[in-house]
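Each step along the sequence shown adds one to the number in my numbering, with nothing skipped, and position 261 is 294.
This report concerns only the one structure given below.
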Amino acid sequence: MTLSNVSIDGGRLLADLYKLRGFGTYKTGVHRPTYTKVDMESRHWIAEQMRAAGLEAEIDGIGNVYGRSPGDGPRVLLGSHSETQPHAGWLDGALGVMYGLEVARAVGRGVDVVSWADEEGHYAAFPGSRSYIGQFSDADIDAARNRYDGTPMREALQAAGLAGLARRQFEPGRYRCYIEAHIEQGDDLEARALKIGVVTSIVAIWQYRISFTGVQNHAGTTRMAIRRDAGLAAAKLAVAIDELFPKICAERSVWTVGRIALDPGAPSIIPGGAEMLFQFRDVDMAVLERMEGELKRLVAEANAGPCEVVLHTMGRAIPKLMDPDLQAALARSATRHAPNLWQSMPSGAGHDAQYLAQVMPSAMLFVPSIGGISHHWSENTDDADIVLGCQVLASAVADILGS
34 MTLSNVSIDG
44 GRLLADLYKL
54 RGFGTYKTGV
64 HRPTYTKVDM
74 ESRHWIAEQM
84 RAAGLEAEID
94 GIGNVYGRSP
104 GDGPRVLLGS
114 HSETQPHAGW
124 LDGALGVMYG
134 LEVARAVGRG
144 VDVVSWADEE
154 GHYAAFPGSR
164 SYIGQFSDAD
174 IDAARNRYDG
184 TPMREALQAA
194 GLAGLARRQF
204 EPGRYRCYIE
214 AHIEQGDDLE
224 ARALKIGVVT
234 SIVAIWQYRI
244 SFTGVQNHAG
254 TTRMAIRRDA
264 GLAAAKLAVA
274 IDELFPKICA
284 ERSVWTVGRI
294 ALDPGAPSII
304 PGGAEMLFQF
314 RDVDMAVLER
324 MEGELKRLVA
334 EANAGPCEVV
344 LHTMGRAIPK
354 LMDPDLQAAL
364 ARSATRHAPN
374 LWQSMPSGAG
384 HDAQYLAQVM
394 PSAMLFVPSI
404 GGISHHWSEN
414 TDDADIVLGC
424 QVLASAVADI
434 LGS
């Protein structure tokens, strides 16, 4: 089967992305948290663009925006998410949604488009795509809270005008596959002077909360020999992790202490309590299990000190391999449009595609991030790279559909 000569309209694509960037503009990036007024305004605008492209558009009860193509026959589902991290970038997620819309216009048939809700996890982990595949229940909605201000998800859905709407579910037989395009969010493509990444696998993220209990006391009158400083215990564990993990990790393993909070957090008080949020990522289960085993050992050793240290598991995802046939279709298109300027590579970030891969063949395509920056308002990608990536996706989709 040969690749179609389908061509996208690069100017139209960029105009759409620039328009979407205007919803919640912050410096050169965007602040568009899930279910906020500006987020919902952007979702309704996306639905309008879907209708203008000939798709049947709707926003469901979790906030997912669907554009469904008319006619018969299995389709390709394209998309990503459109909300953002706080004061973050304009392309993270939005790129994949607008790619889907432009490919639907260019190919002309057989393409559905989706903007998943809350991939960035303001309320829960991937609730939009998990709802779609039946893994986010009403009880999960009732339990979910905004991680920044504690707002219940039920209240947020009500305020967003989504209460009472049905949540669309996966329809077996409707789709050949799901493909998600995204900025790389790292610097590997840029460092190698490459333009396209064909994703082989999506990393698993294992997350933990580590609590430290000591004794709160006066910072000026308590002798050092008798102190039970929870803050110091947290700092020592963070250093111990960073000294050990390079010896046990794989080439692309990463780990992060994302937060250390002290209780009460005053300059003249020895912290009686502390909390650390910690995560590590890899695509190999054996590596993940090794890292977890060593983390448990370090926590046990920390308990031999003056403070009680407890490890709480928050999440242990499973790495997901991308479909090899879809990788091959993307590779053929990349070879055509960006010869010698593409590579196969894993994803170091989590994406909705890892959940869609549980119900249908799935794949991802990356374009470069300037400076490897993401989750920050300075995130950016060259316009030419944006257009090239969409053309690669469009040709691959046409190939898959047999155009």
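Even for Gly, the Cβ is constructed at its ideal location relative to N, Cα and C.
By the C-beta criterion, the segment 88-95 is judged to be in contact with the segment 191-202, since at least 3 inter-stretch pairs fall below 8 Å.
In this model, N250 and C210 are separated by some 59 Å (Cα to Cα). Bridge partners of M309 according to DSSP: I243 and I293.
Burial check for M355: the Cβ neighbour count within 10 Å reaches 16 or more, so the residue is buried. The three-state reading of DSSP puts G348 in strand, counting E and B together.
Restricting attention to alpha helix (DSSP H) runs no shorter than 4 residues, the segment 87-159 encloses them at 127-140, ordered along the chain. Each residue's CA atom was taken as its position, placing G305 and S162 some 40 Å apart.
With fewer than 16 neighbouring CB atoms inside 10 Å of its own CB, I351 falls in the exposed class. Counting along the chain, no beta strand (DSSP E) covers F56, and no H or E run does either. Between V136 and L270, the alpha-carbon positions lie close to 49 Å from each other. Annotation note: the segment 335-401 contains the following uninterrupted beta strand (DSSP E) runs of length 3 or greater, listed N- to C-terminal: 341-349, 375-380 and 395-400. Under DSSP, the beta-bridge partners assigned to I216 are V400.
Judged by their CB atoms, R292 and L265 are not nearer to each other than the 8 Å cut-off. Between G57 and H409, the C-beta spacing is not below 8 Å. Here the segment 94-110 makes no contact with the segment 369-383; the two share fewer than three CB pairs at distances below 8 Å.
Between the alpha carbons of K60 and A337 lies a gap of roughly 48 Å. If you draw a 10 Å sphere on the C-beta of H345, you find fewer than 16 other C-beta atoms in it, and that means exposed.
L359 sits close to P394, with the two beta carbons spaced by under 8 Å. Secondary structure at S301: coil, using DSSP grouped into helix, strand and coil.
Looking at the backbone, the Cα of G62 and that of S113 are separated by about 18 Å.
Judged by their CB atoms, S366 and S428 are nearer to each other than the 8 Å cut-off. Residue pairing for Y208: DSSP places it in a beta bridge opposite R108.
Taking the Cβ atoms as the reference, R108 lies roughly 6 Å from R207, within the contact range of under 8 Å.
Taking a cut-off of 8 Å for Cβ pairs, the segment 48-55 and the segment 72-85 touch, as three or more such pairs fall below it.
Closest in alpha carbon position to A371, among L331, L110, Y388 and L426, is L426. Assignment of D415 by DSSP, reduced to helix, strand and coil, places it in the coil class. About 14 Å separates the Cβ atoms of S402 and Q118, ruling out a contact at the 8 Å cut-off. For R65, the CB contacts under 7 Å within the same chain, skipping 5 residues up- and downstream, are F56, G57, V71, D72, S75, E116 and T117 in chain order. Taking the Cα of R330 as reference, the smallest distance to any Cα among M186, A273 and I174 is reached at A273. By the Cβ neighbour-count rule, Q191 is exposed, with fewer than 16 other Cβ atoms within 10 Å of its own. Less than 8 Å separates the beta-carbon of A127 from that of L53. For I79, the enclosing alpha helix (DSSP H) starts and ends at K70 to A85. The residue among R314, A294, F313 and A319 with its C-alpha nearest the C-alpha of A307 is A294. Per DSSP, the unbroken beta strand (DSSP E) holding I235 starts and ends at I229 to I235. Residues V231, W375 and S377 of the same chain have their beta carbon placed closer than 8 Å to that of A364, with the five preceding and five following residues left out of the count. One thing to note: S244 has its Cβ within 8 Å of the Cβ of V343.
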